[in-house]
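A short write-up of the structure that comes next.
Number of protein chains: 2
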Amino acid sequence: MSMERELLLLGLLQQQDMHGYQLHEFIERYMQSCVDLKKSTAYYLLDKLAKEGLILSSEEREGNRPPRQVYKLTPAGQAHFLNLLRQNLATHLPARFPGDIGLAFADSLPLPEIHALLQTRRSALAEALAAAEQTPPHTGSLQLLIEHQIAHLQSELAWLDGVIDRLGHTKPG
Amino acid sequence: MSMERELLLLGLLQQQDMHGYQLHEFIERYMQSCVDLKKSTAYYLLDKLAKEGLILSSEEREGNRPPRQVYKLTPAGQAHFLNLLRQNLATHLPARFPGDIGLAFADSLPLPEIHALLQTRRSALAEALAAAEQTPPHTGSLQLLIEHQIAHLQSELAWLDGVIDRLGHTKPG
DNA sequence: TTCTGAATAGTCGGTATTGACTATTCGATT
DNA sequence: AATCGAATAGTCAATACCGACTATTCAGAA
Chain A
1 MSMERELLLL
11 GLLQQQDMHG
21 YQLHEFIERY
31 MQSCVDLKKS
41 TAYYLLDKLA
51 KEGLILSSEE
61 REGNRPPRQV
71 YKLTPAGQAH
81 FLNLLRQNLA
91 THLPARFPGD
101 IGLAFADSLP
111 LPEIHALLQT
121 RRSALAEALA
131 AAEQTPPHTG
141 SLQLLIEHQI
151 AHLQSELAWL
161 DGVIDRLGHT
171 KPG
Chain B
174 MSMERELLLL
184 GLLQQQDMHG
194 YQLHEFIERY
204 MQSCVDLKKS
214 TAYYLLDKLA
224 KEGLILSSEE
234 REGNRPPRQV
244 YKLTPAGQAH
254 FLNLLRQNLA
264 THLPARFPGD
274 IGLAFADSLP
284 LPEIHALLQT
294 RRSALAEALA
304 AAEQTPPHTG
314 SLQLLIEHQI
324 AHLQSELAWL
334 DGVIDRLGHT
344 KPG
């Protein structure tokens, strides 16, 4: 498993014991800007971490609900978490831009159509930025992620505007 | 397969017939900023596109070299390519920041250590920016990708400097 | 000419990831 | 008290993906 996903699960469990569903909910709600982790993948990875002895699972029932597996960090897991954390903080992990692939082939379409399509993209981007700016403030480091997202989207918007602008001045042929 | 990878392969074959190895070489050399596509994955996806009738493969030998599969777009593939291209250009695909996961759990380490680790990250980031700025200019839309990468890395560097700076002023406790 | 290292051109077994599905419970509504 | 939709808590078969490996050719050194 990639180190980011591993760090993510261990990190959340280090803050608080949780069961799989809860873990996935939290990630979807508050961390969608850094990872996309499907529910079934989360369960798969939790199983694997348990087999590696980094976390322990125990049954628990609440009210009439069917029993569920609650996970907690082992001492080995705690140590491993700290190592991954150090490694993550010290490394620059390049972000990928899947939207650039289209740009790379844009010459296959007539200029006015490219312009119209990029205007649509611009709107979507501006909306994402507005949504990020609307996010209510969070505590501690989650706030950091929101601010990062906003700074990034602002830079993206400025860049896209530059691209759209230059599109008009392109000499045909 | 994700639409980006599909668009990428069809797009390259639309510009020029190629064989698998060549395709992968090009992607590694010139498009590492938008995708990470392993060689074996490229072959797997080419097989799949062929099965879907979007590309055709034919044997070809050059000199004494063993024969190899050369791929070309079918008319269906060309049409599909244009649709994917329109969709890609019109959509904002959010980038992910795996480096943010560490930041989210930074409070697990003492402040001076976080500071030291982030300085290391900053160096790596600055180096990546310098490398991007050193890239010799390219023709057409590939130049666009390089400029995007530079703009992005500049924004990342400014943001990281802000984070490191605020770290010093944080009141402990 | 024989060896060695780099470039070319892939294949294959195993791991990671996910979409689609199951099943239970709860609260509200009829 | 029966029904319906949303929330909870997962499972599983199928796909996607990749690391490590194989095999050939070529250029240059010994």
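First to last, the sequence lines map onto chains A and B.
Position 93 of the first sequence, counting from 1, maps to 93 under my numbering, and the rest follow consecutively.
Position 47 of the second sequence, counting from 1, maps to 220 under my numbering, and the rest follow consecutively.
Even glycine gets a Cβ: it sits at the ideal position worked out from N, Cα and C.
Model, not experiment: these values are computed from the prediction.
With three or more beta-carbon pairs closer than 8 Å as the criterion, would you say the segment 204-224 of chain B touches the segment 86-105 of chain A?
Proximity of the segment 204-224 of chain B to the segment 86-105 of chain A meets the contact definition, three or more beta-carbon pairs being nearer than 8 Å.
Does the Cβ of Leu153(A) have 16 or more other Cβ atoms within 10 Å, making it buried, or fewer, making it exposed?
In the first sequence, residue 153(A) corresponds to position 153, counting from 1. Classification of Leu153(A): buried, given that the 10 Å Cβ count is 16 or more.
Give me the chain B residues within the contact set of Val163(A), using Cβ-Cβ distance strictly less than 9 Å, ordered along the chain.
Within the first sequence, residue 163(A) is the residue found at index 163, counting from 1. In chain order: Leu317, Glu320 and His321.
Would Gly341(B) be called buried (16 or more neighbouring beta carbons within 10 Å of its own) or exposed?
As a position in the second sequence, residue 341(B) is number 168, starting the count at 1. By the 10 Å Cβ count, Gly341(B) comes out exposed.
My guess is that Arg294(B) and Leu89(A) are in contact by the Cβ rule of under 8 Å, so how many angstroms apart are they, rounded?
Locating residue 294(B) in the second sequence gives position 121, counting from the first residue. Locating residue 89(A) in the first sequence gives position 89, counting from the first residue. For Arg294(B) against Leu89(A), the beta-carbon gap comes to about 6 Å, under 8 Å, which counts as contact.
Under a Cβ-count criterion, where at least 16 other Cβ atoms within 10 Å of its own Cβ denotes burial, should Glu156(A) be classed as buried or exposed?
Here residue 156(A) corresponds to residue number 156 of the first sequence, with the count starting at 1. By the neighbour-count criterion, in which 16 or more other beta carbons inside 10 Å mark a residue as buried, Glu156(A) falls on the buried side.
Keeping to the same chain, check which residues put their C-beta closer than 6 Å to that of Gly346(B); ignore five residues upstream and five downstream.
Along the second sequence, one-based indexing puts residue 346(B) at 173. In this prediction, Gly346(B) has a pLDDT of 42, which is less than 50 and means its spatial position is unreliable; what the coordinates show is noted afterwards. Contacts found: none.
Check the Cβ-Cβ distances between Gln187(B) and every residue of chain A, and say whether any is below 8 Å.
One-based indexing of the second sequence puts residue 187(B) at position 14. Yes, Gln187(B) lies at the interface with chain A (some Cβ there is under 8 Å from its Cβ).
Along the alpha helix (DSSP H) that carries Val336(B), what are the first and last residues, could you check?
Taking the second sequence and counting its residues from 1, the one referred to as residue 336(B) is at position 163. Element bounds for Val336(B): Ser314 to His342.
What three-state label does DSSP hand Ser175(A) in the structure shown?
This structure gives no information on residue 175(A), because the portion of chain A shown stretches from 1 to 173.
Determine, using beta-carbon pairs with one atom in the segment 108-126 of chain A and one in the segment 252-267 of chain B, whether at least three such pairs fall under 8 Å.
Between the segment 108-126 of chain A and the segment 252-267 of chain B, the count of C-beta pairs closer than 8 Å reaches three or more; the two stretches touch.
What are the boundary residues of the alpha helix (DSSP H) that includes Gln251(B)?
Your numbering for residue 251(B) matches position 78 in the second sequence. It spans Pro248 to Ala263 - the alpha helix (DSSP H) in which Gln251(B) sits, taken as one unbroken run.
Determine the contact status of Leu142(A) and Leu84(A), defining contact as a CB-CB distance below 8 Å.
Taking the first sequence and counting its residues from 1, one reaches residue 142(A) at position 142. Taking the first sequence and counting its residues from 1, one reaches residue 84(A) at position 84. Taking 8 Å as the cut-off, the beta carbon of Leu142(A) is found no closer than this to the beta carbon of Leu84(A).
Hey, does Met18(A) have any beta-carbon neighbour from chain B nearer than 8 Å?
Here the question's residue 18(A) lines up with position 18 in the first sequence. So no, Met18(A) is outside the interface.
Inter-residue CB distance, Gln78(A) and Gly20(A) (contact presumed, cutoff 8 Å)
Your numbering for residue 78(A) matches position 78 in the first sequence. Your numbering for residue 20(A) matches position 20 in the first sequence. That pair is no contact at about 20 Å.
Can you give me the C-alpha to C-alpha distance between Asp161(A) and Leu117(A), rounded to a whole angstrom?
Here residue 161(A) refers to the residue found at position 161 of the first sequence. Here residue 117(A) refers to the residue found at position 117 of the first sequence. Near 13 Å, if we compare the C-alpha coordinates of Leu117(A) and Asp161(A).
Assign His311(B) to buried or exposed, taking buried as 16 or more other Cβ atoms, counted over all protein chains shown, within 10 Å of its Cβ.
Taking the first residue of the second sequence as 1, we reach residue 311(B) at position 138. Exposed: under 16 other Cβ atoms inside 10 Å.
Please state the DSSP three-state secondary structure of Asp190(B).
Reading the second sequence from its first residue, position 17 is the one you call residue 190(B). Note: Asp190(B) maps to coil in three-state DSSP.
Just to confirm, is the Cβ distance from Gly140(A) to Asp280(B) under 8 Å?
Walking along the first sequence from the start, residue 140(A) turns up at place 140. Walking along the second sequence from the start, residue 280(B) turns up at place 107. Yes; because the gap between Cβ atoms is below 8 Å, this pair is in contact.
For Arg238(B), which three-state DSSP category applies?
Numbered from 1 along the second sequence, position 65 holds the residue referred to as residue 238(B). In the structure shown, Arg238(B) falls within a coil segment according to DSSP collapsed to helix, strand and coil.
Range covered by the alpha helix (DSSP H) that runs through Ser296(B):
Taking the first residue of the second sequence as 1, we reach residue 296(B) at position 123. Residues Leu284 to Gln307.
If you run the structure through DSSP and keep just helix, strand and coil, what is Lys224(B)?
As a position in the second sequence, residue 224(B) is number 51, starting the count at 1. Looking at Lys224(B) - three-state DSSP - the assignment turns out to be helix.
Would you tell me roughly how many angstroms separate the C-alpha atoms of Met191(B) and Leu318(B), rounded to the nearest one?
Stepping through the second sequence from its first residue, residue 191(B) is reached at position 18. Stepping through the second sequence from its first residue, residue 318(B) is reached at position 145. So the two alpha carbons sit approximately 22 Å from each other.
Gly226(B) burial status per 10 Å Cβ neighbour count (16 or more: buried)
Reading the second sequence from its first residue, position 53 is the one you call residue 226(B). The residue in question, Gly226(B), is exposed, as its Cβ has fewer than 16 Cβ neighbours within 10 Å.
Relative to the ligand MN, is the shortest distance from any of its heavy atoms to the C-beta of Gln154(A) smaller than 7 Å?
Absence of the ligand MN is noted for the structure shown, with no ligands found whatsoever.
Counting only the same chain and skipping the five closest in sequence on each side, list residues whose C-beta sits under 7 Å from that of Thr135(A).
Against the first sequence, residue 135(A) aligns to sequence position 135. Once the five neighbours on either side are set aside, the close Cβ partners of Thr135(A) are Ile146.
Contact criterion: CB-CB distance below 8 Å. Does Glu306(B) meet it with respect to chain A?
By 1-based counting over the second sequence, the position of residue 306(B) is 133. Not one chain A Cβ lies under 8 Å of Glu306(B).
Taking any Cβ of chain B, which residues in the segment 79-94 of chain A have a Cβ under 9 Å from it, in chain order?
The residues in question are Phe81, Leu82, Leu84, Leu85, Arg86, Gln87, Asn88, Leu89, Ala90, Thr91, His92, Leu93 and Pro94.
In this structure, does DSSP put Lys211(B) in helix, strand or coil?
Translated into positions along the second sequence, residue 211(B) becomes position 38. Reduced to three states, the DSSP call for Lys211(B) is coil.
Through-space distance from Tyr71(A) to Tyr244(B), alpha-carbon basis:
Here residue 244(B) refers to the residue found at position 71 when the second sequence is read from its first residue. Here residue 71(A) refers to the residue found at position 71 when the first sequence is read from its first residue. Rounded to the nearest angstrom, the gap between the Cα atoms of Tyr244(B) and Tyr71(A) is 49 Å.
Are the C-beta of Ile228(B) and some C-beta of chain A separated by less than 8 Å?
Start at 1 with the first residue of the second sequence, and residue 228(B) comes out as number 55. Output row for Ile228(B): interface = no.
Mind checking which residues open and close the alpha helix (DSSP H) that includes Leu266(B)?
If you number the second sequence from 1, residue 266(B) lands on position 93. Here Leu266(B) belongs to no alpha helix (DSSP H), and DSSP marks it neither H nor E.
Considering only residues of the same chain and omitting the five flanking positions on each side of Gly184(B), which have a CB-CB separation below 8 Å?
Counting from one through the second sequence, the residue named residue 184(B) turns up at place 11. Within the same chain, Phe254 and Leu258 come within 8 Å of Gly184(B) by CB-CB distance, once the 5 residues on both sides are set aside.
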